[in-house]
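Below you'll find the structure, written out as structure tokens, and then a few comments.
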Amino acid sequence: MSAPTGITLATLTKDIRLEWRSKDAINSMLFFALLVVVVFSFSFDPNAEESRVIAGGLVWVAFLFAAVVALNQTWARELRNQVLDAYRVSPAPANSLFLAKAVGNFIFVAVLEALMTPLFIMFYKLRALGPAWQLIPVAILGTWAIVVNGTFFAAMSLRTRSREIMLPLLLFPITIPALLSMVEATTTILVGDPSTSAKFWIVLLATYDVVFTTGCLALFETVLHAE
Amino acid sequence: MKKAFPILGLLTAVLLSYALYEALVVAPREQTMGDVQRIFYYHVPSAWTAFLLFFINFVASVQYLVRPKPQTDKIANGVVIAIGVLTFVGAYVIKPLPQGMYPSSVVTTGLAIVGLYFLIRKYFSEQETDILALTTAEVGVVFCTVVLVTGPLWARPVWGIWWTWDVRLTSTLVLWLIYVSYLVLRRFSTSGQTPVLAAALAVFGALDVPLVYFSIWFFRTQHPQPVIGGGGSIDPRMLHVLLINWLAFLSFAFLVCWSRYRLERLQRDVEETLALEALLEPRSSLQ
Amino acid sequence: MTFLYAAYAATWAIHIAYLITLVRRYSRLKQEVDELNKKKS
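Chains as they are written, first to last, in my numbering: chain A, 1 to 227; chain B, 228 to 514; chain C, 515 to 555.
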């Protein structure tokens, strides 16, 4: 196993282990997600037909907000214990740290989505009329899009006033094409109109992921040293 | 240098007044929309100016990121020259070009990009490049705000609705959001390396723009909406008025940028002086 | 049409508002520079 991959895996397992022991982030995210689902259910009480049209948007907005809760604390632990300084000084490549954080966030948000989805299905009486298997690439690519940029912008917001609001402020405009793709793809699949296809959206999501993962990896070292 | 400013200011004022006259009086009345269509002569030049300013911000941001390290600097130089060559090749070798694009305009655009990049590299130091980025971002947001305000004011009487998820209007809104977040980062960041962070954000924003355009374009083909501004050919008299207004606004934008640039330089000089004073102050005065 | 005039007026209102902020910042800076010069002399 090459050194960078080893470092990535080591950092990743450390994060997961720490999270498993304290369950800080997961608990707050879960409760927040539950609240969001319930509030949305009170605000929008559609029948099955209508819910298929709007559920795509609602679900992804809820996931986005929950993801922001997770992303905000991405670097908090590192900041508290001066780990970032240690990392800057060590010869470890910055990208390993970034990937570890991003993948860790991805796992957290994916767990969250897995737990929230049954709730959504229940509250909105959802049933996909289109090819439901397509929802899996949409979920994976979409979550990665939010998480990769979110981890990067969380690092950028470290030394700003109002750090917690800075992250969504920076993240939301940039992720608009990804959000649009996720929402449209999900809606297309749920509504299941045979003349429409989610393929374009999935390809666009994949392109978005490739472009921004490359961008984040290229610029993370600069950002890390700029803090 | 200092004398040029008031002279240019006067010229710009004259040009703007003349352009206004042309837009309100000289330009022919549009058949279907009537006089409201004249908003076009302010809406479109503002949009082009905003995009140009944001583009300069992008080039300045890239410069700021690549120049410190000689490796990346060389690579960036190579890429820019390659872009220039490619536009040349693309214009004259690859035929036919998409409708509306002439070889000369493609080559001019390519040369302009290359020229802009190397001009900034030559005449602006690192710190000055950062100030250029900040200036163009701010003034760009001002012009973009004008676009977003005049757009709905045009849409309402013509289409009966204030807003539509029209490709261009929506893309402009997203661009505006990205650059407002850029300015917020600049203002709220307490890091000593804010310029680097802002430059990274600008690069991300630039990467985002084509994706935004495509996603909304496809969204629109799924959900057809009215188009603001329309496509197709334009009456040559209208084109003339449009270009006059664009020239006037470009000149105005240049002056505003120049003022903002000078203001920022003065601000940074003052801050530097204050910082030095604080360092050099003798102990006895710090009671 | 009122929308036409509103659009043109709005355009200039936005530009003038921005220019006013620039002028204000400049005068405040000028004050600081004058204070600094006074301290030196």
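Built from N, CA and C at the ideal position, the CB exists for glycine as well.
Contact set for PRO422(B): own chain, Cβ-Cβ below 7 Å, skip 5 residues either direction: TYR291, ASP357
Buried or exposed (CB count within 10 angstroms, at least 16 for buried), LYS301(B): Classification for LYS301(B): exposed.
Under 9 Å by beta carbon: chain A residues contacting GLY367(B): Near GLY367(B) there are no residues of chain A at all, since even the closest Cβ is about 15 Å away, more than 9 Å.
Spatially closest choice to PRO272(B) from ILE347(B), ILE310(B), VAL286(B), CYS371(B), by CA coordinates: CYS371(B)
Per DSSP, the bridge partner or partners of GLY261(B): GLU257(B)
is_contact[ILE266(B), chain C] using C-beta, thresh 7 Å: Closer than 7 Å to some Cβ of chain C, the Cβ of ILE266(B) qualifies, so yes.
With 16 other Cβ atoms within 10 Å as the buried cut-off, status of ASP193(A): That one is exposed.
DSSP beta-bridge partners of SER416(B): THR160(A)
Cβ pair GLY378(B), LEU400(B) closer than 7 Å: No.
Reduced DSSP category for GLN82(A) - H, G, I as helix; E, B as strand; rest coil: coil
Given 8 Å, three or more beta-carbon pairs between the region 410-429 of chain B and the region 149-163 of chain A: yes
Coil, strand or helix - ASN304(B) by DSSP: In the displayed model, ASN304(B) falls within a helix according to three-state DSSP.
Where ARG539(C) meets chain B, residues with beta-carbon distance less than 7 Å: LEU490
Contacting residues, own chain, Cβ-Cβ under 6 Å from MET166(A) (five flanking each side not counted): SER157, THR160
Distance CB(THR363(B))-CB(LEU280(B)) smaller than 7 Å: yes
Three or more C-beta pairs below 8 Å linking the region 173-183 of chain A and the region 54-65 of chain A: yes
Nearest residue (CA-CA) to THR187(A), options PHE40(A), GLU49(A), VAL53(A): Nearest option by C-alpha distance: VAL53(A).
Interface positions of the region 279-293 of chain B facing chain A (Cβ-Cβ less than 8 Å), listed along the chain: Cβ contacts with chain A come from LEU292.
Range covered by the alpha helix (DSSP H) that runs through LEU469(B): DSSP places LEU469(B) in the uninterrupted alpha helix (DSSP H) bounded by 463-507.
LYS553(C) in three-state terms, based on DSSP: Note: LYS553(C) maps to helix in three-state DSSP.
Selection from LEU361(B), VAL374(B), ASP393(B), ARG348(B) that minimises the alpha carbon distance to SER486(B): The shortest C-alpha separation from SER486(B) is found at LEU361(B).
Beta-carbon separation (whole angstroms), LEU424(B) vs ALA76(A), contact threshold 8 Å: The Cβ separation is near 18 Å, so there is no contact.
CA nearest to the CA of LYS199(A), picked from SER442(B), ALA433(B), ALA427(B): SER442(B)
7 Å Cβ cutoff met for LEU219(A) and ALA427(B): yes
DSSP-derived helix/strand/coil call for ILE388(B): Looking at ILE388(B) - three-state DSSP - the assignment turns out to be coil, as it is neither helix nor strand.
Length of the line joining the Cα atoms of VAL373(B) and HIS270(B): 7 Å
Same chain, Cβ closer than 7 Å to PRO168(A), neighbours up to 5 away in sequence not counted: VAL68
Exposure label - GLN264(B); buried when at least 16 CB within 10 Å: buried
Pair within 7 Å by beta-carbon distance, LEU287(A) and VAL37(A): The question about residue 287(A) has no answer here: the residues shown for chain A are numbered 1 through 227.
Given PHE153(A) as reference, the closest of VAL223(A), GLY130(A), ILE107(A) once Cα atoms are compared: Checking every option, the nearest Cα to that of PHE153(A) belongs to VAL223(A).
Chain A within 7 Å of LEU375(B), Cβ atoms only: no
Length of the line joining the Cα atoms of ILE140(A) and PRO295(B): 37 Å
Segment contact flag, the region 229-238 of chain B with the region 476-485 of chain B, C-beta cutoff 8 Å, min 3 pairs: yes
Contacts that PRO93(A) makes with chain B (C-beta to C-beta distance below 9 Å): Simply none; closest approach about 16 Å.
Where the alpha helix (DSSP H) through PHE431(B) begins and ends: 421-449
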